[in-house]
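Colleague: Numbering of the sequence shown is given in my numbering, commencing with residue 4 and proceeding in unit increments.
Where a beta carbon is used, it is the ideal one built from N, C-alpha and C, also for glycine.
Please read these numbers as outputs of a predicted model, since none were measured by experiment.
My questions all concern the structure below.
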Amino acid sequence: MKVLSVDDSAIVRKIIRGAVEVLNYDFLEAGDGAEALEVLEKEWQETILILLDWNMPGMNGYECLVALKKHPEFQTIPVMMVTTESEKDNIVKAIQAGAAHYMTKPFTIEELIKKIMECLGIGE
Ligand SMILES: [Mg+2]
């Protein structure tokens, strides 16, 4: 079972990798939306959660979310949007477009672990 982090920041991806590995899932990463779609072409059957950054060059997180939710295979994978506090207004838009959860930056690794567990329906 794999968790995909889509984020243009290598530092954020590294933090997310830490949380994913604590939970014993395999980690996948993409630096932008186009790369995320490429990764999923191979990995979608194994992918149980996508953590999707809002602010990215090229396709932004919202555009990527819309593309995922239109895709016949990728649309069932739950998506957690990762946004900054200032982008909180966008969350409603993202939920309407099919995002299952959101997380605001900055976050600690403990908060992230807890949030991922929530997303996957794993008890405390
Ligand atoms: Mg970003």
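Is any heavy atom in ligand 1 found nearer than 7 Å to the beta carbon of residue 58?
Modeller: For ligand 1, at least one heavy atom lies less than 7 Å from the Cβ of residue 58.
Colleague: With H, G and I counted as helix, E and B as strand and the rest as coil, what does DSSP make of residue 28?
Modeller: Note: residue 28 maps to coil in three-state DSSP.
Colleague: Rounded to whole angstroms, how far is the Cβ of residue 82 from the Cβ of residue 101, which I believe are closer than 8 Å?
Modeller: Residue 82 to residue 101, Cβ: 7 Å. Contact.
Colleague: Let me make sure I understand the geometry here. Which of 126, 32, 55 and 21 has the alpha-carbon closest to that of residue 87?
Modeller: The option with the nearest alpha carbon to residue 87 is 55.
Colleague: With 16 as the cutoff for other CB atoms within 10 Å, does residue 13 come out buried or exposed?
Modeller: It is exposed - the Cβ of residue 13 has fewer than 16 other Cβ atoms within 10 Å.
Colleague: May I have a chain-ordered list of the beta strand (DSSP E) segments no shorter than 3 residues that lie completely inside the segment 6-70?
Modeller: Runs found: 29-33 and 50-56.
Colleague: Starting from the Cα of residue 44, find the closest Cα among 77, 6 and 106 and give me that residue.
Modeller: Of 77, 6 and 106, the residue nearest in Cα terms is 77.
Colleague: Take residue 15 as the anchor and find which of 91, 53, 109 and 120 has the nearest alpha-carbon.
Modeller: When each option's Cα is compared against that of residue 15, the closest is 109.
Colleague: State the beta-bridge partners of residue 108 as determined by DSSP.
Modeller: Answer is 87.
Colleague: Taking the alpha-carbon positions, what's the residue 8 to residue 42 distance?
Modeller: Looking at the two C-alpha atoms, the distance is approximately 11 Å.
Colleague: Determine the extent of the alpha helix (DSSP H) in which residue 80 is found, giving its start and end residues.
Modeller: Per DSSP, residue 80 belongs to no alpha helix (DSSP H) and is neither H nor E.
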